[in-house]
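Chains L and U, in that order, give the protein sequences. The working numbering applies: residue 1 is where the first sequence begins, and numbers increase by one. The working numbering applies: residue 112 is where the second sequence begins, and numbers increase by one. Ideal placement from N, C-alpha and C gives every residue a C-beta, glycine not left out. Quantities reported herein were computed from a predicted structural model and do not represent experimental measurements.
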Amino acid sequence: KQEVTQIPAALSVPEGENLVLNCSFTDSAIYNLQWFRQDPGKGLTSLLLIQSSQREQTSGRLNASLDKSSGRSTLYIAASQPGDSATYLCALSHSSYKLIFGSGTRLLVRP
Amino acid sequence: DAGVTQSPTHLIKTRGQQVTLRCSPKSGHDTVSWYQQALGQGPQFIFQYYEEEERQRGNFPDRFSGHQFPNYSSELNVNALLLGDSALYLCASSSLLERSYNEQFFGPGTRLTVL
Chain L
1 KQEVTQIPAA LSVPEGENLV LNCSFTDSAI YNLQWFRQDP GKGLTSLLLI
51 QSSQREQTSG RLNASLDKSS GRSTLYIAAS QPGDSATYLC ALSHSSYKLI
101 FGSGTRLLVR P
Chain U
112 DAGVTQSPTH LIKTRGQQVT LRCSPKSGHD TVSWYQQALG QGPQFIFQYY
162 EEEERQRGNF PDRFSGHQFP NYSSELNVNA LLLGDSALYL CASSSLLERS
212 YNEQFFGPGT RLTVL
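So this is what it looks like as C-alpha cells:
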C-alpha cells in the first residue's frame with residue numbers, strides 16, 4: 001500500500017529565504033507526481049506535475065525534483081514571499097485514476 | 112476558459128439527512144474525481160467517473176454515490192449523513208483523451224458541516 005509522507009508538517013521562515021519541502025513515498029512504481037498549493041478553506045492549485053520518466057520540473061521560483069529510486073520528491077521555493085504562505089501538498093498516482101496525497105506542509109513566510 | 116466549478120460553496124445538514132454536491136469540469140475534460148478532505152489532512156479519493164460510469168472507488172461506504180452526465184458534469188450524493196462526514200469535498204477534472212499524464216485540476220470545494 002502506497003504511503004506518502006511530508007516533512008516538516010509546518011515551517012516558518014523569514015521573507016527572502018530559499019526553502020525545500022520534502023515528500024517521500026513507499027512504492028516507486030508511480031505514474032506521476034503533482035505538487036499543489038492550498039490556501040485556508042480553499043481548493044487546490046496545481047503547481048507542478050512530474051511524469052515518472054522526468055527528474056524535475058520548473059515554474060518561475062518553483063522547482064520540483066523526483067527521485068523514484070529513493071522514493072523522494074522535493075519542492076524548492078526560491079526567494080520566498082509572504083504570498084507564498086499556504087499549505088503545500090504532494091500527490092502521486094499509479095495510473096490515470098486516483099491521486100494519493102500526503103498530509104501537507106503548512107508554510108508561513110514572515111515579512 | 113472556466114476552470115472547475117462546484118456548488119454549493121457551503122452546506123449545513125443534520126445527521127441522517129441526504130446531500131447532493133455538484134461539479135462542472137474544466138472545459139475539454141471528460142473525467143471527474145471526487146475527494147474528501149478532513150481538517151488538517153490530505154484529500155482522500157472517493158471515486159472517479161468517466162463516460163458516465165464509475166471507474167474506480169476508494170475506501171468509502173455505499174452511502175457515497177455519484178453520477179456523471181453526458182456533458183461530463185457530476186454529482187456526489189451522500190445518504191444518512193454522519194457527523195464524521197463533515198469535511199471539504201473537492202472535485203477534480205482531467206482528460207483521458209489528451210496526453211495530460213492525468214494532471215488533475217481542482218475546484219474550490221464544498222464545505223459540508225453535519226450537525
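- Separation of glycine 102(L) and threonine 142(U) (C-alpha to C-alpha, rounded to the nearest whole angstrom) is 23 Å.
- Looking at Arg166(U), Asn188(U), Gln215(U), the one whose alpha-carbon comes closest to that of valine 115(U) is Gln215(U).
- With a cutoff of 9 Å on beta-carbon distance, alanine 91(L) and valine 4(L) are scored as near each other.
- For lysine 137(U), the closest alpha carbon among the candidates Thr221(U), Phe175(U), Cys202(U) is that of Cys202(U).
- Excluding sequence positions up to five before and after glutamate 15(L), its CB lies within less than 8 Å of the CB of Ser80, Gln81, Pro82, Val109, Arg110, Pro111, all in the same chain and listed in chain order.
- When Cβ-Cβ separations below 9 Å define contact, alanine 198(U) makes no contact with chain L.
- Residue state for proline 14(L) is assigned as strand, using DSSP reduced to three classes.
- Against chain L, the beta carbon of arginine 166(U) has neighbours under 7 Å at Tyr97, listed in chain order.
- Contact between leucine 33(L) and serine 73(L) holds, with the beta-carbon distance rounding to 5 Å and staying under 8 Å.
- In the DSSP assignment, threonine 45(L) falls within the beta strand (DSSP E) that extends over 44 to 51.
- Inter-residue distance for glutamine 51(L) and serine 205(U) is about 15 Å (C-alpha atoms, whole angstroms).
- Under the Cβ criterion of 9 Å, phenylalanine 216(U) is counted among the residues facing chain L.
- Residue-level contact by beta carbon fails for proline 172(U) and chain L, as no gap is shorter than 9 Å.
- For serine 24(L), the uninterrupted beta strand (DSSP E) run begins and ends at 19 to 25, by DSSP.
- In chain L, no part has a C-beta under 8 Å from the C-beta of glutamine 128(U); the shortest such distance is about 23 Å.
- With a threshold of 9 Å between beta carbons, valine 4(L) makes contact with chain U.
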